[in-house]
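In the working numbering, the protein residues as written are 644 to 1322.
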């Protein structure tokens, strides 16, 4: 045998390997053909379903965003009703009315003005006018056509005063007449109209009520369509989608992001076709609550419409997006298909050359992913929380760990908590940094907080002053306001889940923890399917025990009341040795007033709000956390707890804080954990 032939023999694969190579290449070729077929078939079949689901989701998101725009108007309407019925609103005291209502309008910028008028033709108007505040006072019986005007700066100091002769009677305005035609307390939304004072186009929500002396009054809040359009034009619908808000007659009241012309506002209150947007016109003409397709300017589009109810007024949201937003273009498809087929061939060759896969290296028990574990700082339920440090960033974090993930419900609940918490961005909500798995262990990293929970503070130092309670509640409500706006109910607001943190030089900075029991609004919960009611006795709303209960924001509002009760009195609203005894007390009726349990005076405005939150009936509680925030802002003790007070308290109570130990020792405990402290 020649050397050349010998080399050829050596180069020729042995029969088993040749058979294996041939088989792998054949399987790879067959797999490539199948993948190509499935890829194209599934991509075209999926476009329709993907388009419908995406458009439905975009329409629902647009509805939710509009609710966040309009909701403050109705919330402030309810707050004003409470004040008026309680005798706190007097039409003849302009300065007192300004003191109450300027903070409301400053907090909710879409509200441009408000009005209060009675059946005798007296009116108070407050208008936000380019950084100053303007009042108009009308008394038809006393002054006839003469109207009095006042301008104030932000410090509520008078700047200007004048009079005008006007043919104006508040009782003839659309907002007054509409409210008078509706039942007492029912919100009435006007059709879009031109405001008398500013000549802007807008809408007004109003309702009527009777005061304690029997006088009929109407309260109203205005919003301008140009502000509404500034809101709707920023709605993001996929890559190239658009949305518009219309009346039932097809009149534009909320502009899309692609309105033509130098002054898009000129299209407000005009028919949709004047926008000269063919896609939106076709979407409206073929309107239906199910997604449908059509062609515009040679391109395929998808569209859906959704009604938006405001009392007896119905508006329509029209959402449209090009087909290209839902299906990738052909070059992109070919690129990804080529990558996929190359990967299959590569795997086939790799299997031929490397028939044995080495064992995976053993995991370091002191590490999870990129984190070095330290001591356990909290336990509960199916997991524990450890102090940890990111190996690259050298950042101290709190690592929540679930080791036994064989239970599907535990695993899904853990992932749900991570997704919900990560979607929330309010500064008073705990921040999630990272999520990962290692073997059967799930974990997520969140910010490590220095300070103490409300439960620890009350346990070690007793009741809090009213001004501090208000300071803490404002931050809790801020966190929940964002969660509720996104459709999430916390369901476990309690002292141990409200953390008073130190952030730099700031003290009493609230962080709301543990979104593990979060449910979407109206998701059905059937206690009959479980052996225990989720939550903490005394902080669970009474209605949560009912079969078929659907979570509502009122459940969190009840828990806010119970939390406030504990902070102001130093003791829980309901005290007992078992869950059953606490539930029995809740069923018997409301708890004693905090002032009775504390045996000291509690500010009446705060005590009244706490007891209303603890009402047995959901509809008797404040309608939303936004309403609670407005009420807290008007409490006499609001703003009296300053940064200086908070810092002084913590410096005098260092034993309460989890950060009283040396920070370097704390860091050392992460880097070199003791065996008995490892999770």
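For each residue, glycine too, the CB sits at the ideal point set by N, CA and C.
Return helix, strand or coil for residue i, following the three-state DSSP convention.
| i | result |
| --- | --- |
| residue 778 | strand |
| residue 855 | coil |
| residue 1201 | helix |
| residue 1247 | helix |
| residue 1016 | strand |
| residue 1087 | strand |
| residue 1259 | coil |
| residue 1299 | helix |
| residue 836 | strand |
| residue 1074 | coil |
| residue 849 | strand |
| residue 1280 | coil |
| residue 842 | coil |
| residue 914 | strand |
| residue 1208 | helix |
| residue 973 | Annotation note: pLDDT 45 at residue 973 (below 50); position unreliable, no value reported. |
| residue 646 | Low local confidence applies: a pLDDT of 32 at residue 646 is under 50, so the model's placement there is unreliable, with the coordinate-based value given in what follows. Of the three classes helix, strand and coil, the one that applies to residue 646 here is helix, per DSSP. |
| residue 724 | helix |
| residue 1069 | coil |
| residue 719 | helix |
| residue 701 | helix |
Pull the bridge partners of residue i from the DSSP assignment, please.
| i | result |
| --- | --- |
| residue 884 | 880 |
| residue 757 | 769 and 864 |
| residue 964 | 945 |
| residue 1029 | 1019 and 1042 |
| residue 1158 | Note: residue 1158 sits in no beta bridge, so no partner. |
| residue 895 | 889 |
| residue 1081 | 1084 |
| residue 957 | 952 |
| residue 811 | DSSP output for residue 811 lists no bridge partner at all. |
| residue 1094 | 1144 |
| residue 1010 | 1015 |
| residue 1287 | According to DSSP, residue 1287 bridges with nothing at all. |
| residue 831 | 849 |
Quick check on residue i - is its C-beta less than 8 Å from some C-beta in chain D?
| i | result |
| --- | --- |
| residue 1032 | Protein chain content of the structure displayed is limited to a single chain, and chain D is not contained in it. |
Could you pull the start and end residues of the alpha helix (DSSP H) that residue i belongs to?
| i | result |
| --- | --- |
| residue 1241 | 1237 to 1241 |
| residue 1121 | 1109 to 1128 |
| residue 1098 | 1097 to 1104 |
| residue 819 | 817 to 823 |
| residue 1224 | 1222 to 1231 |
| residue 923 | 921 to 928 |
| residue 745 | 737 to 750 |
| residue 798 | Residue 798 -> no alpha helix (DSSP H), and no H or E assigned at all. |
| residue 731 | First-last for residue 731: undefined, no H or E at that position. |
| residue 784 | 783 to 786 |
Residue i: which of the options sits nearest, CA to CA?
| i | options | result |
| --- | --- | --- |
| residue 1129 | 1092, 1144, 1063 and 1110 | 1063 |
| residue 1228 | 1217, 1235, 1237 and 1238 | 1217 |
| residue 967 | 954, 939, 960 and 986 | 939 |
| residue 1287 | 1248, 769 and 1150 | 1150 |
| residue 1200 | 1157, 792, 935 and 1269 | 1269 |
| residue 1259 | 1230, 1251, 1250 and 1147 | 1230 |
| residue 715 | 839, 763, 1290 and 750 | 750 |
| residue 1285 | 1197, 1108, 1100 and 1016 | 1108 |
| residue 953 | 1204, 1295 and 717 | 717 |
| residue 1036 | 1073, 1072, 1077 and 1051 | 1077 |
| residue 774 | 765, 799 and 786 | 799 |
| residue 895 | 1294, 1120, 755 and 914 | 914 |
| residue 891 | 921, 958, 864 and 858 | 958 |
| residue 763 | 1074, 1257, 1154 and 859 | 859 |
| residue 1145 | 1289, 826 and 701 | 1289 |
| residue 829 | 803, 801, 861 and 808 | 861 |
Which residues bound the beta strand (DSSP E) around residue i?
| i | result |
| --- | --- |
| residue 1151 | 1149 to 1155 |
| residue 794 | 789 to 795 |
| residue 806 | 801 to 808 |
| residue 1143 | 1141 to 1146 |
| residue 1059 | Run containing residue 1059: none in the beta strand (DSSP E); it sits in the alpha helix (DSSP H), 1051 to 1066. |
| residue 1267 | Taken as a continuous stretch (DSSP letters only), residue 1267 belongs to no beta strand (DSSP E), as it is neither H nor E. |
| residue 938 | 935 to 939 |
Quiz item: Pairing CB atoms from the segment 805 to 817 with CB atoms from the segment 872 to 883, are three or more of them under 8 Å?
Solution: no
Quiz item: For the segment 1228 to 1245 against the segment 1270 to 1280, are there 3 or more C-beta pairs whose distance is under 8 Å?
Solution: no
Practice problem: Report yes or no: do the segment 1137 to 1148 and the segment 1095 to 1104 share at least 3 C-beta pairs separated by less than 8 Å? | Solution: yes
Quiz item: Is the segment 823 to 840 in contact with the segment 875 to 886, if contact means three or more CB pairs nearer than 8 Å?
Solution: no
Quiz item: Is there contact here, the segment 814 to 830 with the segment 786 to 798, by at least three beta-carbon pairs under 8 Å?
Solution: no
Exercise. Tell me, please, whether the segment 755 to 767 touches the segment 841 to 860 by the rule of three or more beta-carbon pairs shorter than 8 Å.
Key: yes
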